[in-house]
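Chains as they are written, first to last, in the working numbering: chain X, 1 to 377; chain V, 1 to 135. The C-beta atom is built at its ideal place from N, Cα and C for all residues, glycine as well.
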Amino acid sequence: MSADTSTDAAAPRLKRTPLYDEHRALGARLVEFSGWEMPVQYSGILEEHRAVRERAGLFDVCHMGEFHIEGPGALDFLQGLVPNNVARLADGQALYTQICNEQAGTLDDLLIYRLADARYMAVVNAGTMESDWAWFTKQAAGHADMTLSNDSDTTGLIALQGPRALEILQPLTATELGAIAYYHFAEGTVAGVSCLISRTGYTGEDGFELYCASGDVVTLWRALLEAGAPHGLIPAGLGARDTLRLEAGYCLYGHELNEQISPLEAGLGWSVKLEKGHDVIGREALLAQKQQGLPRKLVGIELRDRGVPRADYVILRDGKPIGALTSGTVGPTLGKAIGMGYVSPENAAPGTEIAIDIRGKAVPAAIVPLPFYKRAK
Amino acid sequence: MAKTDQPDDLRYAETHEWVRVDGDEATIGISDYAQDELGDVVYLDLPWDASGSRDFKAGERFGDIESVKATSELFIPVSGALIAVNNTLQSTPELVNSQPYGDGWMLRVRLSDPAEVAKLMDAAAYTEFLKTAGH
């Protein structure tokens, strides 16, 4: 046997989250991810995936980056930086957006929280945190009435995801969780720890993301695991996080998004608000794509025969290459081999019969609508 | 690494396949270590319909194994003519995880060069290999 994907023990120079010792004690398999030594699985990806869909899972996402943008000029700065309309946020509300270069290529995708008037927090991906920070500081030149701070090292983040998340979390906090709508948040105390309690996630399930001081992460993690155990909560790693987000049709930076791909191509047009009345980096290129049509579109695919689609496999139509996959797996909840990838718009219609080149074999497949999985409300 | 099991009655290849010899026949699968490294197995591509019609040379690739997270190639440690393929793995690939040395077997061959078996590692040598190879 020879694995294509290295699962070797992580090199010693990798960064570790405050929960590293907890993961070791829980028997996690640790792998390198974006420069971090992170748990890919504890009990097994399928079991963790199922727990999140049916009960709840707990994820260490401390590797994500957090920037604070504060001052009277903060809103103007952010409006020029991201294509979504930050001005529509009320206090206690968050939005999903991207940062783009002038060519409309995506430098990262991120969340922006409005903490208060003229106080915002941006949450960025671990693998792009350093380049994002360089981009933020470069673009901030000339904005004298605001300050930027990179608080990634002092901010912890735990995601509690699954249909039982609310009933697990509620006994640990006086904050009325039912009053926090999707993509909203409240500041409160959870198990004695000061937290920003955000009703967001990356799994396709209901759930919360809890931001706190790095020094409090272990306390919070242990309290959540203990409170959740009677409800079937288990720790879940990056492996389940990936299969969950893929079933839910969410983009993963470095796969569905990169510096050559625009948010419009990635199907994120709902978050691109070019009519917001503020210039934004990449606006001309995004407008041109809107007017002239997209060169390619993100699509979902499903195999009609047995096999497992993976990132970089070639998509065929009538035997000819028409694109490539950016992600693929066997969706544990769906029991189907699914993937996402890019094809030109004329090949993007759901129902289009295609094939995936799996190690030289053309395996029949079809274009299907995204997302693959949507939870019953 | 997690504690894994290496039964004494088997021989092992550096690519983590095992061989169980019975007369001039050999059964082949992957080790407990290998299945643990792969994680949940979801699909195998084996020569399902090739029994009686295929000769393998030692070291030849005989299929692929897919877990949720990765794809790996499978190599046969000994030369021989294919007698049987474990067709139950088509519907229950997870047997490779739960019973790597039992119902998770993959191929059975008639050995064409039984002397090759002695060149493979015994359980003690394989256990040592797993330690020293940095696993």
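Per-residue DSSP class, three states only, for residue i
i: residue 97 of chain V; result: helix
i: residue 273 of chain X; result: coil
i: residue 250 of chain X; result: coil
i: residue 239 of chain X; result: helix
i: residue 189 of chain X; result: strand
i: residue 199 of chain X; result: coil
i: residue 368 of chain X; result: strand
i: residue 231 of chain X; result: helix
i: residue 291 of chain X; result: helix
i: residue 147 of chain X; result: strand
i: residue 346 of chain X; result: helix
i: residue 328 of chain X; result: strand
i: residue 105 of chain V; result: coil
i: residue 209 of chain X; result: strand
i: residue 266 of chain X; result: coil
i: residue 377 of chain X; result: coil
i: residue 137 of chain X; result: helix
i: residue 90 of chain V; result: helix
Contact under 7 Å by Cβ, residue i with residue j
i: residue 85 of chain V; j: residue 58 of chain V; result: no
i: residue 343 of chain X; j: residue 300 of chain X; result: no
i: residue 71 of chain X; j: residue 147 of chain X; result: yes
i: residue 384 of chain X; j: residue 162 of chain X; result: Because chain X in this structure spans residues 1 to 377, residue 384 of chain X falls outside the shown range and cannot be described.
i: residue 233 of chain X; j: residue 158 of chain X; result: no
i: residue 140 of chain V; j: residue 26 of chain V; result: It is not possible to answer for residue 140 of chain V, since the shown part of chain V is limited to 1 through 135.
i: residue 156 of chain X; j: residue 212 of chain X; result: yes
i: residue 308 of chain X; j: residue 285 of chain X; result: no
i: residue 326 of chain X; j: residue 340 of chain X; result: yes
i: residue 40 of chain V; j: residue 67 of chain V; result: yes
i: residue 107 of chain V; j: residue 30 of chain V; result: no
i: residue 167 of chain X; j: residue 123 of chain X; result: no
i: residue 76 of chain X; j: residue 17 of chain X; result: no
i: residue 24 of chain V; j: residue 82 of chain V; result: no
i: residue 197 of chain X; j: residue 175 of chain X; result: yes
i: residue 79 of chain X; j: residue 278 of chain X; result: yes
i: residue 36 of chain V; j: residue 4 of chain V; result: yes
i: residue 94 of chain X; j: residue 113 of chain X; result: yes
i: residue 263 of chain X; j: residue 139 of chain X; result: no
Contacting residues, own chain, Cβ-Cβ under 6 Å from residue i (five flanking each side not counted)
i: residue 101 of chain V; result: 7
i: residue 4 of chain X; result: The predicted position of residue 4 of chain X is uncertain, since its pLDDT is 48 and thus under 50; a value taken from the coordinates is nonetheless stated next. Cβ within range, chain order: n/a, list empty.
i: residue 38 of chain X; result: 238
i: residue 133 of chain X; result: 150
i: residue 348 of chain X; result: 297, 299
i: residue 130 of chain V; result: 33
i: residue 85 of chain X; result: 273, 276
i: residue 415 of chain X; result: Given that chain X is displayed from residue 1 to residue 377, the structure contains no residue 415 of chain X and the question cannot be resolved.
i: residue 46 of chain X; result: 332
i: residue 123 of chain V; result: 6, 8
i: residue 61 of chain V; result: 73, 75
i: residue 143 of chain X; result: 73, 77
i: residue 271 of chain X; result: 84, 96, 97
Close-in-space but distant-in-sequence residues of the same chain around residue i (CB under 8 Å, 5 per side omitted)
i: residue 287 of chain X; result: 274
i: residue 265 of chain X; result: 289, 294, 295, 296, 297, 298, 342
i: residue 74 of chain X; result: 118, 119, 120, 146
i: residue 8 of chain X; result: In this predicted model, residue 8 of chain X has a pLDDT of only 48, less than 50, meaning its place in the structure is not dependable; the value taken from the coordinates is given anyway. Once the five neighbours on either side are set aside, residue 8 of chain X has no close Cβ partner at all.
i: residue 102 of chain X; result: 281, 282, 284, 285
i: residue 316 of chain X; result: 322, 354, 355, 356, 357, 362
i: residue 120 of chain V; result: 11, 12, 13, 19, 77, 78
i: residue 137 of chain X; result: 148
i: residue 89 of chain V; result: 44, 46, 95, 96, 104, 106
Contacts of residue i in chain V (Cβ-Cβ under 7 Å)
i: residue 329 of chain X; result: 68
i: residue 46 of chain X; result: 40, 68
Under 9 Å from the C-beta of residue i: neighbouring residues of chain X
i: residue 43 of chain V; result: 306, 307, 308, 330, 337
Residues that residue i contacts on chain X, provided the C-beta gap is smaller than 8 Å
i: residue 64 of chain V; result: 359
Chain-ordered chain V contacts of residue i [CB-CB under 9 Å]
i: residue 40 of chain X; result: 39, 69
i: residue 249 of chain X; result: The premise fails here: residue 249 of chain X is roughly 18 Å from chain V at the closest Cβ pair, so nothing lies under 9 Å.
Beta-carbon contacts of residue i that lie in its chain and below 7 Å, excluding the five residues immediately before and after
i: residue 43 of chain X; result: 234
i: residue 115 of chain X; result: 121
i: residue 305 of chain X; result: 363, 364
i: residue 261 of chain X; result: 105, 106
i: residue 63 of chain V; result: 44, 45, 46, 47, 74
i: residue 249 of chain X; result: 300, 370, 371, 372
Interface residues of chain V facing residue i [CB-CB closer than 8 Å]
i: residue 243 of chain X; result: 68
i: residue 239 of chain X; result: 39, 68, 69
Residue i Cβ short of 6 Å to the ligand HEM heavy atom set
i: residue 205 of chain X; result: This structure does not include the ligand HEM; it has no bound ligands of any sort.
Exercise. What are the uninterrupted segments assigned as beta strand (DSSP E) that are 3 or more residues long and contained completely in the region 65-133 of chain X, given in chain order?
Worked result: 65-70, 93-100, 106-116, 119-124
For this session: Could I get the ranges of all uninterrupted beta strand (DSSP E) runs contained in the region 29-77 of chain V, with 3 residues as the minimum, in chain order?
Result: 41-45, 61-67, 71-75
For this session: At 4 residues or longer, and completely inside the region 23-72 of chain X: list those alpha helix (DSSP H) runs for me, N to C.
Result: 45-54
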